[in-house]
Amino acid sequence: MTNHSNHQEADLFTHAFNQDPYPAFHSLQQNSPVHRTLMPDGHYAWIVTRYEDAVNVLKDQRFIKDFTVFLDEESRAQAHQSIFSRNMLFADPPDHKRLRGLVQQAFTPRIIEELRGRITEIANELIDDMQDRSQIDLIDDFAFPLPIIVICEMLGVPSEDRDKFRTWSNTLVEASNDPEKAEKVQQHMQEFTAYLQEWMADRQENPQNDMISKLIQAEESGDRLSEQELYGVVSLLIIAGHETTVNLISNGMYALMTHPEQMRKLQEQPDLLRPAIEEMLRFEGPVEFSTDRWASETVELQGQTIHRGEHVLVALDAANRDPEAFEDPDVFDITRGRSKHLAFGKGMHFCLGAPLARVEAEVSLQTLLERFPDLQLSTDVSDLEWRPGILMRGLMELPVRLK
0 MTNHSNHQEA DLFTHAFNQD PYPAFHSLQQ NSPVHRTLMP DGHYAWIVTR
50 YEDAVNVLKD QRFIKDFTVF LDEESRAQAH QSIFSRNMLF ADPPDHKRLR
100 GLVQQAFTPR IIEELRGRIT EIANELIDDM QDRSQIDLID DFAFPLPIIV
150 ICEMLGVPSE DRDKFRTWSN TLVEASNDPE KAEKVQQHMQ EFTAYLQEWM
200 ADRQENPQND MISKLIQAEE SGDRLSEQEL YGVVSLLIIA GHETTVNLIS
250 NGMYALMTHP EQMRKLQEQP DLLRPAIEEM LRFEGPVEFS TDRWASETVE
300 LQGQTIHRGE HVLVALDAAN RDPEAFEDPD VFDITRGRSK HLAFGKGMHF
350 CLGAPLARVE AEVSLQTLLE RFPDLQLSTD VSDLEWRPGI LMRGLMELPV
400 RLK
């Protein structure tokens, strides 16, 4: 490898990169747009940073999601024991189409739109609880509880069990960044699986008007989700449907508070809310890197040879700031108009929860700005810490002054 590549490698996944990855991303786009690098867990992966290449990789079915095809029979069977292994995020055709088709029935834009009123109630209830306070952590007090309440209510999780789901979700996301938490994950996974087993058995006997009952009953051409697939789908909805929205709301409010002229513009022109959210998704997207893909055969990309079985990651937040695809990409501009950002991915793995995330973000921002028109950061930007890890892009906390 050239010295230049080694220099690049030193710039990735450090604390400084975590705080602001965009200088490193721009450098890669110019000098090494398809870049092989050592990942924090000790293996190598190809990182794709340019917009056009990102779109191609996300849509190219030679880059597959099910890595177990590279394993022997015994290891493959072991990998499939994980409750996460049987969901559409880690599936390829024809399994992917079947799983997504079954889940989609319980997740239509019409069903999501009908939730808008309830999401508004939840947002107002959370804000009512902070009325007597002058300062809050916007993540802990608002951005975190709102989506977990919404997804738990949709699925039919009893309100007294929400905190368990919050704990399980946190452990899983943090463990993906910290191998030392593996033991804790094991314990929480067992608790989570035991809970799901009991809960699903009850819903099979006594179906309710909730998503878990709909998923159990969902059928396509006589086909249903297996028990293992139900676990996979529910865990995916709880973690993906919750964690990403936390970051969308908090990153979006962070962008507005650090660009007060844009915040004023939005307050003066509320019809800019939807384009503002698209710009937030582009400017500081909640998912920094796409989920894992592997080359199913040798593929040439930007002069690089990616061999069968090699790991490929699309840097979504890099692609969304590619100067070849966006004018003044590092400028936050809520009047940018129609956006072709990749925050929800592209192709057949495009995020099924995008309509829900958008509605939750619209309601959250509108309610916060109406109820707290003078909302502002209560700390220096330099004191804010971004969460470690490569999948999600989100702040540890977001201290704000309410009035």
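Residue numbers for the sequence shown follow the numbering used here, so the first one is 0 and each next one is one higher.
Think of the CB as a built atom: it goes at the ideal place given N, C-alpha and C, for glycine as much as any other residue.
Quick caveat: nothing in here was measured; it's all calculated off a predicted structure.
| Query | Result |
| --- | --- |
| Gln365 in three-state terms, based on DSSP | helix |
| Run of the beta strand (DSSP E) containing Gln298, from where it starts to where it stops | At residue 298 the sequence reads Val, which differs from the Gln that was named. Val298 -> beta strand (DSSP E) spans Val298 to Leu300. |
| Contact between the stretch 150-162 and the stretch 387-395 (3+ Cβ pairs under 8 Å) | no |
| Span of the beta strand (DSSP E), counted from its first residue to its last, around Asp222 | That residue, Asp222, is in no beta strand (DSSP E); it is neither H nor E in DSSP. |
| Asp10 (DSSP reduced to helix, strand or coil) | helix |
| Distance CB(Phe409)-CB(Arg281) smaller than 9 Å | Residue coverage of the chain in this structure runs from 0 to 402, which leaves residue 409 outside it and unanswerable. |
| Alpha-carbon spacing of Ala200 relative to Gln189, whole angstroms | 17 Å |
| Buried/exposed call for Asp316, threshold 16 Cβ in 10 Å | buried |
| Per-residue DSSP class, three states only, for His34 | strand |
| Of the listed residues Arg400, Asp52, Arg386 and Pro32, nearest to Phe16 (C-alpha basis) | Arg386 |
| Per DSSP, cross-strand counterpart(s) of Trp167 | Paired residue(s): none; Trp167 is not in a bridge. |
| Alpha-carbon to alpha-carbon, Leu300 and Gln134 | 49 Å |
| Burial state of His306 (16 or more Cβ within 10 Å) | exposed |
| Status (buried if at least 16 other CB within 10 Å, exposed otherwise) for Val33 | buried |
| Asp162 - DSSP class collapsed to helix/strand/coil | helix |
| Beta-carbon proximity of Asp139 to Glu396, cut-off 9 Å | yes |
| Spatial distance of Ala142 from Arg320 (CA atoms) | 25 Å |
| 3-residue-minimum beta strand (DSSP E) runs that sit fully inside the stretch 316-402, ordered along the chain | 398-400 |
| Nearest-angstrom Cβ-Cβ length linking Thr334 and Pro285, presumed shorter than 8 Å | At roughly 22 Å, the Cβ-Cβ gap does not stay under 8 Å, so Thr334 and Pro285 are not in contact. |
| Residues bridged to Gln134 [DSSP beta-bridge criterion] | Arg400 |
| Residues sharing a beta bridge with Tyr43, DSSP | Leu37 |
| Classification of Thr304 by the beta-carbon crowding that lies within 10 angstroms, buried from 16 upward | exposed |
| Test: Phe143 CB closer than 9 Å to a CB of chain D | Although the question refers to chain D, the structure presented lacks it and comprises just one protein chain. |
| For Asp65 and Arg223, the rounded distance between their alpha carbons | 21 Å |
| Between the CA atoms of Asn208 and Tyr21 - distance to the nearest angstrom | 45 Å |
| Among Leu364, Thr192, Val399 and Val54, the one whose alpha carbon lies nearest that of Gln227 | Thr192 |
| Paired residues, beta bridge with Phe62 - DSSP | Ala294 |
| Paired residues, beta bridge with Ile147 - DSSP | In the DSSP output, where bridge partners are listed per residue, Ile147 has none listed. |
| Any non-hydrogen atom of the ligand NAP closer than 8 Å to Arg263 Cβ | For the structure depicted, the ligand NAP is absent and the ligand set is empty, with no information on it obtainable. |
| Where the alpha helix (DSSP H) through Thr257 begins and ends | Element bounds for Thr257: n/a, residue is neither H nor E. |
| Beta-carbon separation (whole angstroms), Leu70 vs Ala78, contact threshold 8 Å | 6 Å |
| Helix, strand or coil at Val311 [DSSP, three-state] | strand |
| Test item: CB-CB of Leu368 and Leu271 under 9 Å | no |
| Closest residue to Arg370 among Gln130, Arg109, Gln28 and Leu98 (Cα-Cα distance) | Gln130 |
| Opposing strand residues paired with Ile305 [DSSP bridges] | Val298 |
| Delimiting residues of the alpha helix (DSSP H) encompassing Gly116 | Arg115 to Asp127 |
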